[in-house]
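Peer 1: Have a look at this one before I ask anything.
Protein chains: 2
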Amino acid sequence: MQILKDRIRKDGKIREGNVLKVDSFLNHQMDVSLFREIGKEFKRRFEGEEITKILTIEASGIGIACVVAEVFNVPVVFAKKTQTKNIAGDVYTTQVESYTHGRIYDIIVSREFLGPDDKVLLIDDFMANGKAMEGLIQIVKDSGAQLVGAGIVIEKGFQPGGDALRDQGVHLESLAIVESMDEKTGEIVFR
Amino acid sequence: MQILKDRIRKDGKIREGNVLKVDSFLNHQMDVSLFREIGKEFKRRFEGEEITKILTIEASGIGIACVVAEVFNVPVVFAKKTQTKNIAGDVYTTQVESYTHGRIYDIIVSREFLGPDDKVLLIDDFMANGKAMEGLIQIVKDSGAQLVGAGIVIEKGFQPGGDALRDQGVHLESLAIVESMDEKTGEIVFR
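Top to bottom, those sequences are chains A and B. According to our numbering, the residues represented by the first sequence are 1 to 191, in order. According to our numbering, the residues represented by the second sequence are 192 to 382, in order.
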């Protein structure tokens, strides 16, 4: 998706440890008009697929998922990272290792909102090692729902998450795949 | 907002300890077509106000804020609840006490995304004691931005947050104010 790649080149910042900061438009400040274009692009890439629900994970996936869901005209469910007293006991749950936060946490989705009748599209802003996606796929399996595919805004192609999902036969659409980036020159190469 | 009140009466569940569960459409599963109507209603209620940015707080505020922001045609910034390595050191920060989680946490907003030129509308899904809103207002003050007002989807009118903000002169618009609710009969009275 060219306008996304242009935006990453313009506003993305490369930091030590293979960190790509895109927090001026994607995951801290959020450019919702770009999100709308992203939604249309996912709609085009999953054309002809029946989708009843979008599943994402808190926190930064929620905004993009909601705007994408408007284009698909379906509800969003987001997996929560800790059990709060507002969640009933009857949940799907699995563990996810966070690259960003360097720890393992539980994610939960209420059984009420995902079941065998659902055809699910996963949406997230970022994928590196793919642990969050693996957790969401586990929850889709546990619910008996059908996994239609996964839409990722930015995939770090030099980390194993994306290719692992493709090898499993998941229909993965990443709108920008970063093949390499150079902290010193600021150069970003897309796949 | 009548369709919102109708939806709360239809799908809201009252639980022990003054908990109103609206997670089937507002803050776990998210009905984005309702969010769009909510966005239009906020637009009507803040008609004539100049707004350059919407500020919310993770996690459940993000979805509603993004859809509302599409109606206002402005970016969203969300306050983060913990410091991650993807956030630069240069942040506004304050402490917030969570009613839902029963603990105190730090919230942060990067200085890059909020400053004296901004005219800010706060958006959140829920308000009870108003601690999250107080934290966001503190951050707006620290940034030198102008606080235009706050838009809340559901306010618990029997808890002090909303009236405290009104007493401070904040232009607060709550689309549904729950005056009382009865766990036994399921009855909800709106202000």
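Just so it is clear, CB atoms sit at the ideal spot from N, CA and C, and this is done for glycine as well. The structure displayed is predicted, hence computed values, not measured ones.
Can you tell me which of the three DSSP states B/Phe381 falls into?
Peer 2: Start at 1 with the first residue of the second sequence, and residue 381 of chain B comes out as number 190. Correct three-state label for B/Phe381: strand.
Peer 1: Does the Cβ of B/Gly342 have 16 or more other Cβ atoms within 10 Å, making it buried, or fewer, making it exposed?
Peer 2: Taking the second sequence and counting its residues from 1, one reaches residue 342 of chain B at position 151. Per the 10 Å Cβ criterion, buried.
Peer 1: How about B/Glu303 and B/Asp281: do their beta carbons lie closer than 9 Å?
Peer 2: Within the second sequence, residue 303 of chain B is the residue found at index 112, counting from 1. Within the second sequence, residue 281 of chain B is the residue found at index 90, counting from 1. Taking 9 Å as the Cβ cut-off, B/Glu303 and B/Asp281 qualify as a contacting pair.
Peer 1: Shorter than 9 Å from the beta carbon of B/Glu370 to some beta carbon of chain A?
Peer 2: The residue labelled residue 370 of chain B in the question sits at position 179 within the second sequence. For B/Glu370, the answer is no, since every Cβ of chain A falls outside 9 Å of its Cβ.
Peer 1: Using only the alpha-carbon positions, how far apart do B/Lys271 and B/Gly360 sit?
Peer 2: For the purposes of this step, residue 271 of chain B is taken as residue 80 along the second sequence, with counting starting at 1. For the purposes of this step, residue 360 of chain B is taken as residue 169 along the second sequence, with counting starting at 1. Computed Cα separation, rounded: 26 Å.
Peer 1: Relative to chain B, which residues along the segment 36 to 62 of chain A have a C-beta separation below 7 Å, given in chain order?
Peer 2: Listed in sequence order: Arg36, Glu58, Ala59, Ile62.
Peer 1: Closer than 6 Å by C-beta to A/Phe42: which residues in its own chain qualify, once you throw out the five before and the five after it? Chain order, please.
Peer 2: In the first sequence, the residue the question calls residue 42 of chain A occupies position 42. Closer than 6 Å at the Cβ level, and outside the excluded window around A/Phe42, lie Val68, Gly151.
Peer 1: Give every residue of the same chain whose Cβ lies closer than 6 Å to the Cβ of B/Asp222, excluding the five residues on either side of it in the sequence, and list them in chain order.
Peer 2: For the purposes of this step, residue 222 of chain B is taken as the residue at position 31 of the second sequence. Cβ within range, chain order: Phe216.
Peer 1: On the premise that B/Leu312 lies in contact with B/Val339, defined as a C-beta separation below 8 Å, what is that separation, rounded to the nearest angstrom?
Peer 2: Within the second sequence, residue 339 of chain B is the residue found at index 148, counting from 1. Within the second sequence, residue 312 of chain B is the residue found at index 121, counting from 1. Indeed they touch by this definition, with Cβ atoms about 5 Å apart.
Peer 1: Shortest alpha-carbon distance to A/Thr52 belongs to which of A/Val178, A/Ile154, A/Gly157, A/Gln146?
Peer 2: As a working note, residue 52 of chain A is residue 52 in the first sequence. It is A/Gln146.
Peer 1: Can you give me the start and stop residues for the alpha helix (DSSP H) that B/Glu346 sits inside?
Peer 2: Position 155 of the second sequence, counted from the start, is the residue given in the question as residue 346 of chain B. Taken as a continuous stretch (DSSP letters only), B/Glu346 belongs to no alpha helix (DSSP H), being part of the beta strand (DSSP E) at 337 to 347.
Peer 1: Do you know how far the Cα of B/Glu228 is from the Cα of A/Glu50?
Peer 2: In the first sequence, the residue the question calls residue 50 of chain A occupies position 50. In the second sequence, the residue the question calls residue 228 of chain B occupies position 37. C-alpha separation (whole angstroms): 25 Å.
Peer 1: What did DSSP end up calling B/Ser301 once you bin it into helix, strand or coil?
Peer 2: Indexing the second sequence from 1 puts residue 301 of chain B at position 110. Three-state result, B/Ser301: strand.
Peer 1: Just how far apart, CA to CA, sit B/Val344 and B/Gly252?
Peer 2: Position 153 of the second sequence, counted from the first residue, corresponds to residue 344 of chain B. Position 61 of the second sequence, counted from the first residue, corresponds to residue 252 of chain B. The straight-line gap from Cα to Cα measures roughly 10 Å.
Peer 1: Got a sec: which bits of the segment 332 to 347 of chain B sit with their beta carbon under 7 Å from any beta carbon on chain A, in order along the chain?
Peer 2: Taking 7 Å as the Cβ-Cβ cut-off against chain A, none of the residues of the segment 332 to 347 of chain B qualify.
Peer 1: Cα separation between A/Val76 and B/Ile330?
Peer 2: If you number the first sequence from 1, residue 76 of chain A lands on position 76. If you number the second sequence from 1, residue 330 of chain B lands on position 139. Each residue's alpha carbon lies about 29 Å from the other.
Peer 1: Could you give the DSSP three-state label for B/Phe216: helix, strand or coil?
Peer 2: As a working mapping, residue 216 of chain B is identified with position 25 in the second sequence. In this structure, B/Phe216 counts as coil in the three-state DSSP scheme.
Peer 1: Whose Cβ in chain A lies nearer than 9 Å to the Cβ of B/Phe349?
Peer 2: Walking along the second sequence from the start, residue 349 of chain B turns up at place 158. In chain order: nothing, as chain A lies at least about 17 Å away.
Peer 1: Tell me which residue opens and which closes the beta strand (DSSP E) that B/Gln286 is part of.
Peer 2: Mapped onto the second sequence, residue 286 of chain B falls at position 95. First-last of the beta strand (DSSP E) with B/Gln286: 282 to 289.
Peer 1: Does the CB of B/Ile298 have a neighbour CB from chain A at under 9 Å?
Peer 2: Within the second sequence, the letter at position 107 stands for residue 298 of chain B. So, not an interface residue.
Peer 1: Can you list, in chain order, the residues of its chain whose CB lies under 7 Å from that of B/Asp356, leaving out five sequence neighbours each side?
Peer 2: Numbered from its first residue, the second sequence carries residue 356 of chain B at position 165. Per the sequence shown, the amino acid found at residue 356 of chain B is Leu instead of Asp. So the qualifying residues of the chain are Gly321, Met324, Ala341, Leu363.
Peer 1: Of all the options A/Lys10, A/Met1, A/Gly157, which has the alpha carbon lying nearest to the alpha carbon of A/Gly186?
Peer 2: The count along the first sequence starts at 1 and reaches residue 186 of chain A at position 186. The shortest Cα separation from A/Gly186 among A/Lys10, A/Met1, A/Gly157 belongs to A/Lys10.
Peer 1: What does A/Lys80 touch in chain B if you count any residue whose Cβ is under 8 Å from its own?
Peer 2: Taking the first residue of the first sequence as 1, we reach residue 80 of chain A at position 80. Those within 8 Å of A/Lys80 in chain B are His219, Ala250.
Peer 1: At the level of alpha carbons, what is the spacing between A/Ile14 and A/Arg44?
Peer 2: Taking the first residue of the first sequence as position 1, residue 14 of chain A is located at position 14. Taking the first residue of the first sequence as position 1, residue 44 of chain A is located at position 44. Distance between the alpha carbons of A/Ile14 and A/Arg44: 30 Å.
Peer 1: Quick one: what's got a C-beta closer than 7 Å to B/Asp315's C-beta in the same chain, skipping five residues either side?
Peer 2: Position 124 of the second sequence, counting from 1, holds the residue named residue 315 of chain B. Closer than 7 Å at Cβ, skipping near neighbours: Thr247, Ile248, Gly252, Ala323, Met324, Ile343.
Peer 1: Would you call B/Tyr283 buried or exposed, if buried means 16 or more other Cβ atoms sit within 10 Å of its Cβ?
Peer 2: Position 92 of the second sequence, counted from the first residue, corresponds to residue 283 of chain B. It counts as buried.
Peer 1: Using a cut-off of 9 Å between C-beta atoms, extract the partners of A/Asp31 located in chain B.
Peer 2: Within the first sequence, the letter at position 31 stands for residue 31 of chain A. Near A/Asp31 (Cβ distances below 9 Å), the residues of chain B are Pro266, Val267.
Peer 1: Once the 5 residues before and after B/Glu346 are set aside, which same chain residues still bring their CB inside 6 Å of it?
Peer 2: As a first step, residue 346 of chain B must be located in the second sequence, where it is residue number 155. Closer than 6 Å at the Cβ level, and outside the excluded window around B/Glu346, lie Met318, Gly353, Ser365, Ile368.
Peer 1: Using a Cβ-Cβ cutoff of less than 8 Å, which residues in the same chain neighbour A/Ile54 once the five nearest sequence positions on both sides are dropped?
Peer 2: As a position in the first sequence, residue 54 of chain A is number 54, starting the count at 1. Within the same chain, A/Ile54 has close Cβ partners Ala65, Val68, Ala69, Phe72, Val74, Pro75, Val76, Val77, Val120, Leu121, Leu122, Ile123.
Peer 1: For B/Val361, which residues in chain A fall below 9 Å Cβ to Cβ?
Peer 2: The residue you call residue 361 of chain B lines up with position 170 of the second sequence. Simply none; closest approach about 23 Å.
Peer 1: If you draw a straight line from the alpha carbon of B/Gly326 to that of B/Arg294, how long is it in whole angstroms?
Peer 2: In the second sequence, the residue the question calls residue 326 of chain B occupies position 135. In the second sequence, the residue the question calls residue 294 of chain B occupies position 103. Roughly 14 Å separates the two Cα atoms.
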